[in-house]
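**Q** My numbering puts the first residue of the sequence shown at 85, with every later residue one more than the last. Please read through the structure below; I'll follow up with questions.
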Amino acid sequence: MSAAELLEPAGAGVEIVPVTTPAEMDRFIRLPYRLHANHANWVPPLLLERRETLDRKKNPFFQYAEVAFFLAVRDGRDVGRISAQVDRQRLSLRPDGVGHFGLIDGEDDPAIFAALTAAAEDWLRRHGMTHVMGPFDLSINEQMGLLVDGFDTPPMLLMAHDFPYVAPRLEALGYGKEKDVYAYYYDIRDEFPKAVRRMLDRPLPPGTVLRPVDMSRFLEEIRSLTEIFNEAWFDNWGFAPLTPTDTDYLASSIRPLIEKDLVWFIEIGGEPAAFIVVLPNLNEAITDLDGKLLPFGWAKLLWRLKVRGLKTARVPLMGVKRKFAKGLSGGQFSWLLIDACRRSCLKRGIQAFELGWILEENGAMRRMLENINARIYKTYRIYGKPL
């Protein structure tokens, strides 16, 4: 079926345009920059990063997923966008008929959101899906969830910041809550409670080593990290494994942001058992660049990163292999990893972490964070409905 045949009136003067050309993809990527131009706290992501993420030849997600992108157009002007995706790899593990939507954005008009979601839902039905869930941009291992609380602060690196009206528009179309995930804010200048310090001061079990990432064998280290991630998170809600290709892509993507003292491993008898990753909050440095590094963006970015420094960082990944996670040692490992990164970041002048996302039912991690006075400051919601 041609793009022309798929171009259909969607009501109230809204047309849905399937994205099939590089020019249409450029419009798709650039639309949020116009929509959010006067949106308080929205941080324009780097166009370079957005283009690479949505490039079918570069992002390995496209190797095992089918993805469609749609623009909503009214009177010749782009007014909204959405993606629809079927993650065949996730479905091979959990054949539940769930397809995803993502990258949803638009002007505040019910007709626009009705047209966008109808396009995504129709596409998912044609691909055999019986339930739609999202937003996932593009997978659960990238950006996920719609911001429903915490609009008063800017997002940190690789986190979404949506208009407050998007959630009500989805709910009016029959979408309901599937899951909430939280972002915690932690002022790392606060001292750990005495009970935590006592745990940290306990001798490590025999053969246990806490060490920073070895940058001389970076790819091997990232492969160890993803092995722990896949094993530790396997039973979590919505889990989608990282493939070897994903691992290589992750390594190349985060390498420019990785510092030796911000990624830590615990080994037991030489076996990688646990890890933590802290990424400097690049959003602090790019707020006013409008997504552009040329002509002067590079200079501003480098100065802010290397000279002025950043005050915040994000912990996007942490995991302990399940066989090591039980008992006192498992709790000690988590604290050791957080403390190692905390001490390194304080030396750099960093004052606060975002830890997230955290599943709402992850009581153990939530209690742990709340024990050090970390607080939920943003809530992201995954929505869904039957098709």
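Every residue gets a Cβ at the ideal spot worked out from N, C-alpha and C, and that includes glycine.
Is Thr-105 helix, strand or coil by DSSP?
**A** Residue state, collapsed to three classes: coil.
**Q** Answer yes if the segment 343 to 350 comes into contact with the segment 284 to 302, meaning at least three C-beta pairs across the two stretches below 8 Å, and no otherwise.
**A** Because the criterion of three Cβ pairs below 8 Å is met, the segment 284 to 302 and the segment 343 to 350 touch.
**Q** Under a Cβ-count criterion, where at least 16 other Cβ atoms within 10 Å of its own Cβ denotes burial, should Asn-143 be classed as buried or exposed?
**A** When all chains shown are included, Asn-143 counts as buried.
**Q** Residues in the same chain with beta-carbon distance under 6 Å from Ala-88, minus the five sequence neighbours each way, listed in chain order, please.
**A** Bear in mind that the predicted position of Ala-88 carries a pLDDT of just 35, short of 50, making it unreliable; the figure below should be weighed with that in mind. Excluding sequence neighbours, Ala-88 sits near nothing in its chain.
**Q** Between His-120, Gly-183, Pro-116, which has its C-alpha nearest Ala-149's C-alpha?
**A** Of His-120, Gly-183, Pro-116, the residue nearest in Cα terms is Gly-183.
**Q** DSSP state of Val-391, grouped into three classes?
**A** Low confidence applies here, because Val-391 scores a pLDDT of 49, under 50, leaving its location unreliable; read the following figure in that light. Val-391: helix per DSSP, three-state reduction.
**Q** Within 8 Å, do at least three Cβ pairs link the segment 238 to 257 to the segment 397 to 405?
**A** With a cut-off of 8 Å, the segment 238 to 257 and the segment 397 to 405 count as touching, because enough Cβ pairs lie within range.
**Q** Under 8 Å, do Leu-138 and Ile-166 count as touching if we go by C-beta distance?
**A** Not closer than 8 Å, so no.
**Q** Please report how far the alpha carbon of Ala-195 lies from the alpha carbon of Val-127, in whole angstroms.
**A** Each residue's alpha carbon lies about 27 Å from the other.
**Q** Buried or exposed for Lys-405, going by 16 or more other Cβ atoms inside 10 Å?
**A** When all chains shown are included, Lys-405 counts as buried.
**Q** When you compare only the Cα positions, how much space is there between Ile-100 and Asp-159?
**A** The alpha-carbon atoms of Ile-100 and Asp-159 are separated by roughly 12 Å.
**Q** Please report the straight-line C-alpha distance between Asn-122 and Asp-246, rounded to a whole angstrom.
**A** In a straight line, the C-alpha of Asn-122 is about 13 Å away from that of Asp-246.
**Q** By a C-beta neighbour count over all protein chains shown, 10 Å radius and 16 as the cutoff for buried, is Ser-176 buried or exposed?
**A** By the 10 Å Cβ count, Ser-176 comes out exposed.
**Q** I need the boundaries of the alpha helix (DSSP H) containing Phe-154, first residue and last residue.
**A** From DSSP, Phe-154 is part of no alpha helix (DSSP H) but of the beta strand (DSSP E) over 149 to 158.
**Q** Using 8 Å as the threshold, is the C-beta distance between Ala-501 and Ala-198 below it?
**A** The question about residue 501 has no answer here: the residues shown for the chain are numbered 85 through 471.
**Q** Between which two residues does the alpha helix (DSSP H) containing Thr-396 stretch?
**A** Careful: Thr-396 lies outside any alpha helix (DSSP H), inside the beta strand (DSSP E) at 396 to 404.
**Q** In chain order, which beta strand (DSSP E) runs of at least 3 residues are fully inside the segment 259 to 327?
**A** For the segment 259 to 327, whole beta strand (DSSP E) runs of length 3 or above, ordered along the chain, are 260 to 271, 292 to 296.
**Q** By a C-beta neighbour count over all protein chains shown, 10 Å radius and 16 as the cutoff for buried, is Val-293 buried or exposed?
**A** Label assigned to Val-293: exposed.
**Q** Compare the Cα-Cα distances from Glu-351 to each of Ser-308, Trp-321, Thr-371 and report the closest residue.
**A** Per the Cα distances, Ser-308.
**Q** Would you check if the segment 420 to 438 and the segment 259 to 276 touch, i.e. whether three or more CB-CB distances between them fall below 8 Å?
**A** Touching, per the Cβ criterion.
**Q** Indicate whether Gly-190 and Ala-152 have their beta-carbon atoms separated by less than 8 Å.
**A** No, the pair does not count as a contact, with Cβ atoms beyond the cut-off.
**Q** Of the choices Lys-462, Pro-470, Leu-471, Gly-468, whose alpha-carbon is the least far from that of Asp-236?
**A** Nearest of Lys-462, Pro-470, Leu-471, Gly-468 to Asp-236, Cα basis: Lys-462.
**Q** By alpha-carbon positions, which one of Gly-97, Asp-374, Lys-407, Leu-284 ends up nearest to Glu-133?
**A** With distances taken between Cα atoms, Glu-133 lies closest to Asp-374.
**Q** Quick check on the DSSP output: the beta strand (DSSP E) that includes Ile-370 runs from which residue to which?
**A** Careful: Ile-370 lies outside any beta strand (DSSP E), inside the alpha helix (DSSP H) at 367 to 370.
**Q** Just to check my reading of the structure: Ile-466 and Lys-141 have Cβ atoms closer than 8 Å, yes? What is that Cβ distance to the nearest angstrom?
**A** No, Ile-466 and Lys-141 are not in contact; Cβ-Cβ is about 28 Å, not under 8 Å.
**Q** What first and last residue would you give for the beta strand (DSSP E) that runs through Glu-355?
**A** Counting along the chain, the beta strand (DSSP E) containing Glu-355 begins and ends at 355 to 364.
**Q** Measuring CA to CA, which of Asp-192, Arg-178, Asp-171, Pro-179 is closest to Phe-185?
**A** Answer by Cα proximity: Asp-171.
**Q** DSSP on Ala-448, reduced to helix/strand/coil?
**A** DSSP places Ala-448 in helix when its eight states are reduced to three.
**Q** For the putative contact between Val-280 and Trp-419, defined by C-beta atoms under 8 Å, what is the C-beta separation to the nearest angstrom?
**A** Indeed they touch by this definition, with Cβ atoms about 6 Å apart.
**Q** Out of Trp-317, Arg-450, Glu-136, point me to the one whose CA is closest to Tyr-333's CA.
**A** The shortest C-alpha separation from Tyr-333 is found at Glu-136.
**Q** Would you verify that the beta carbon of Ala-251 is, or is not, closer than 8 Å to some beta carbon of chain D?
**A** In the displayed structure, chain D is absent; only one protein chain is listed.
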